[in-house]
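Chains A and B supply the protein sequences, listed in that same order. Residue 29 in the UniProt record's numbering sits at position 29 of the first sequence; the count goes up by one each step and never skips. Residue 30 in the UniProt record's numbering sits at position 30 of the second sequence; the count goes up by one each step and never skips. Presented below is the structure to which this report refers.
Protein chains: 2
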Amino acid sequence: MTQVIDLAKKFASFSETWQPKILAEVNGQEVRIAKIDGEFEWHRHDDADEMFLVVSGKLRMRFRDKDAVVLPGQMIVVPRGTEHLPVAEPTAEILMIETAGTRNTGEHESERTAVLERI
Amino acid sequence: MTQVIDLAKKFASFSETWQPKILAEVNGQEVRIAKIDGEFEWHRHDDADEMFLVVSGKLRMRFRDKDAVVLPGQMIVVPRGTEHLPVAEPTAEILMIETAGTRNTGEHESERTAVLERI
């Protein structure tokens, strides 16, 4: 567990979008990274807060009542139960912290529900 | 909770070293940042893993049996119960994830035990 993890190397190791990869586990939370492009889908996580840190690109986090633009070196926490729609404009690389096992599409399964692998 | 947090602005808002600041809470974990310089002290956290992401500078994480050098864009997880000594060479800015309330000096109190504030 005490290996150094290089984010740039991890991002360089895959190309698919909206397929989060697990880098590490910390106190039952997973540290995940993902490449994203365009719009995801509205969803919420009833039992898990979700933190997004933008590494490159631009993330627009849409909520039902506002948008938040998150740029590299910026982060946002989406509280549990809050509907949100992540949109990359046009692409972004993000690091996420969320409870282990949290489904990327939240309360519903869809064609965008990902099977997460550890890299 | 859905405010955008800018790491550079947060780092610019304080100057003291080895005084972690809490930026956000995610599922009972605290997202903390700290400026560090030189050597801290050996300690361990019996009940909490600790993740370190280096934002700038150079962190040498010493363990009893090895060292790990962590550079900007790299991270390391120190598992609970593992003795470690963080050393900045000569300074670093780091982001940490650890269980809310975790004492920075781990199992013992010392003059370096910090009272954490939220910024």
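Virtual Cβ for every residue (Gly too), placed ideally from N, Cα, C. The structure displayed is predicted, hence computed values, not measured ones.
Taking 8 Å as the threshold (beta carbon to beta carbon), is B:Leu116 in contact with chain C?
No chain C is present in this structure, whose protein chains are A and B.
Could you work out which residues of chain B lie near A:Ala34, taking near to mean beta carbons separated by less than 9 Å?
Within 9 Å Cβ-Cβ: nothing; A:Ala34 doesn't reach chain B, min ~16 Å.
Please indicate yes or no: does the CB of B:Val54 lie closer than 7 Å to some heavy atom of the ligand PLP?
Although the ligand PLP was asked about, the structure shown includes no ligands whatsoever.
Just the chain A side, please: which residues come within less than 7 Å of B:Val70 by C-beta, in chain order?
Val4
Between B:Asn104 and chain A, is the shortest Cβ-Cβ distance under 8 Å, so that the two count as touching?
no
Need the endpoints of the beta strand (DSSP E) that A:Ala24 sits in, please.
21 to 26
If you draw a straight line from the alpha carbon of A:Thr82 to that of B:Arg64, how long is it in whole angstroms?
If you take the alpha carbons of A:Thr82 and B:Arg64, they lie about 43 Å apart.
Pick from B:Gln74, B:Lys21, B:Pro90, B:Asp46: whose alpha carbon is nearest that of B:Phe40?
B:Pro90
Assuming A:Gln19 and A:Ala92 are in contact, meaning their beta carbons sit under 8 Å apart, how far apart are those beta carbons, in whole angstroms?
Going by Cβ atoms, the distance from A:Gln19 to A:Ala92 rounds to 14 Å, so no, they are not a contact pair.
Are the Cβ atoms of A:Glu30 and A:Glu98 separated by less than 8 Å?
Yes, these two residues count as a Cβ contact at 8 Å.
So A:Ala8 contacts chain B; which residues on that side make the cut at Cβ distance below 7 Å?
Going along chain B in sequence order, the residues near A:Ala8 (Cβ under 7 Å) are Gly73.
Would a check of beta-carbon distances place B:Ala48 closer than 8 Å to chain A?
yes
Within 10 Å of its beta-carbon, does B:Gln74 have 16 or more other beta-carbons around it, so buried, or fewer, so exposed?
buried
Taking the C-alpha atoms as reference points, what is the distance between A:Ile119 and A:Lys10?
7 Å
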